[in-house]
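What follows is a single structure, written as structure tokens, with notes after it.
Numbering (UniProt numbering), first residue to last: 1 to 370.
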């Protein structure tokens, strides 16, 4: 993360993180120089296993934060720093123009709130900070990328049609900047060079949708009182793995979810009787890492849902999700008029009548021969 100092402040020391640049500290003569003299410092998290004297409580996550639901112990990272102004000794001045350094995030101005309190002496005593400010940063998918990053395909046991991701969901082959590798080809070494300071660009297998992530929702089976859905997430990105990934689905029958196999699950945004959104994520050491494109570049689960008599139907594509998000980015859905439909009742009746006639004729022939 980064910010702009409003005065001539410097950072003398840090624990739990470090500034990427020390800057020009030539105005300080003798003794130990400040940790950072930049007007706009950029701070990065320390790696796990950093020297003990550089750590602080709940630090050193390597810049990788989980969602609060997935892992409450890894959704935040803490660092401490000692600062002062080189000339102005009147007091602390809050920095401005905060940034996270990740595409898509925009930070608001700092807002002073009630001072934070810290327990000591086994909880018998509380100490208080001199001042506390909150900076809220919001994510926008449209600021992060000019194109989507995932798409959804659909299928069902009652229809042989497999509805693919919409054409050009994320890009189109042949467009400027659209890179893909045909099946059977291997990307060149130049394309695989990674910059540790920024997110690797997507290099995907050539497809009609050109998305690095494809989510397939399959209505697998219907029982008397339950129905089963299979979800498969395919990584078509040749250069990138997805660690601690998550998938959010919106469907009205999630409130009657009975069991999820092979994934973790937690409902989201429950309000009164509304419980139609949930988050899925991988099981640690089993499928919490979505590997790059290839034979192992997929994760999948099945879920069992109760047929809610107040709403359940397979008609009009009701069994398919309303929205799917992968790692916070909304995926492109096929248009509703292309969803797999239940077979036409009239056609079923005609087929049944024709079969009945054939069977009757066969019986008549047998009787005549006898």
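All residues carry an ideal CB built from backbone N, CA and C; glycine is no exception.
Taking contact to mean 3 or more Cβ pairs, one atom from each stretch, closer than 8 Å, check whether the stretch 334-341 and the stretch 145-158 are in contact.
yes
So which of 59, 328, 141, 138 has the shortest CA-CA distance to residue 242?
328
Residue burial classification, residue 251 (beta-carbon count within 10 angstroms, cutoff 16):
buried
DSSP puts residue 137 in a beta bridge; with which residues?
107
Of all the options 245, 122, 261, which has the alpha carbon lying nearest to the alpha carbon of residue 69?
245
Tell me, to the nearest whole angstrom, how far the beta carbon of residue 182 is from that of residue 211; I am working on the premise that it is less than 8 Å.
No, residue 182 and residue 211 are not in contact; Cβ-Cβ is about 16 Å, not under 8 Å.
Suppose you measure from the CA of residue 96 to the CA of residue 65; what does that come to, to the nearest Å?
24 Å
By alpha-carbon positions, which one of 228, 43, 253 ends up nearest to residue 79?
43
Status (buried if at least 16 other CB within 10 Å, exposed otherwise) for residue 225:
exposed
Checking 8 Å against the spacing of the C-beta atoms, do residue 106 and residue 143 come in under that value?
yes
Considering only residues of the same chain and omitting the five flanking positions on each side of residue 267, which have a CB-CB separation below 6 Å?
275, 278
Identified DSSP bridge partners for residue 156:
159, 219
Beta-carbon within less than 7 Å of residue 232's beta-carbon, same chain only, minus the 5 sequence neighbours each way: which residues are those?
216, 298, 300
Through-space distance from residue 53 to residue 270, alpha-carbon basis
44 Å
Residue 16 in three-state terms, based on DSSP:
coil
Determine the direct distance from the alpha carbon of residue 249 to that of residue 22, and round the result to whole angstroms.
45 Å
For residue 52, three-class secondary structure by DSSP:
helix
Note down the Cα distance separating residue 346 from residue 313, rounded to an integer number of angstroms.
Only weak support exists for where residue 346 lies, its pLDDT of 39 falling under 50; the coordinates are left without a value.
Determine the contact status of residue 236 and residue 293, defining contact as a CB-CB distance below 8 Å.
yes
Just mark residue 129 as buried or exposed, buried being the case when its beta carbon has 16 or more other beta carbons within 10 Å.
exposed
Compare the C-alpha of residue 222 against each of 160, 304, 123 and name the closest.
304
Boundaries of the beta strand (DSSP E) in which residue 326 is found, first to last residue:
323-326
Taking three-plus beta-carbon pairs below 8 Å as touching, is the stretch 29-40 in contact with the stretch 13-21?
yes
Rounded to whole angstroms, what's the CA-CA distance from residue 1 to residue 318? Just pull it up for me.
43 Å
Secondary structure at residue 144, three-state DSSP: helix, strand or coil?
helix
Cβ of residue 377 within 8 Å of Cβ of residue 334?
Summary: the structure shown does not reach residue 377, with the chain confined to residues 1 through 370, and so no result is reported for it.
Own chain residues within Cβ distance below 7 Å of residue 306, not counting five before or after
225, 226, 256, 258
Under the three-state reduction of DSSP, which class applies to residue 256: helix, strand or coil?
helix
Could you give the DSSP three-state label for residue 346: helix, strand or coil?
With a pLDDT of 39 at residue 346, under the threshold of 50, the modelled position of that residue is not reliable, and the figure given next carries that caveat. Helix, per DSSP.
Sorted by chain position, which residues of the same chain lie with C-beta nearer than 6 Å to residue 9's C-beta, five sequence neighbours on each side aside?
83, 85
Assuming residue 78 is part of the beta strand (DSSP E), what are its boundary residues?
Segment: none, residue 78 is in no beta strand (DSSP E) and carries neither H nor E.
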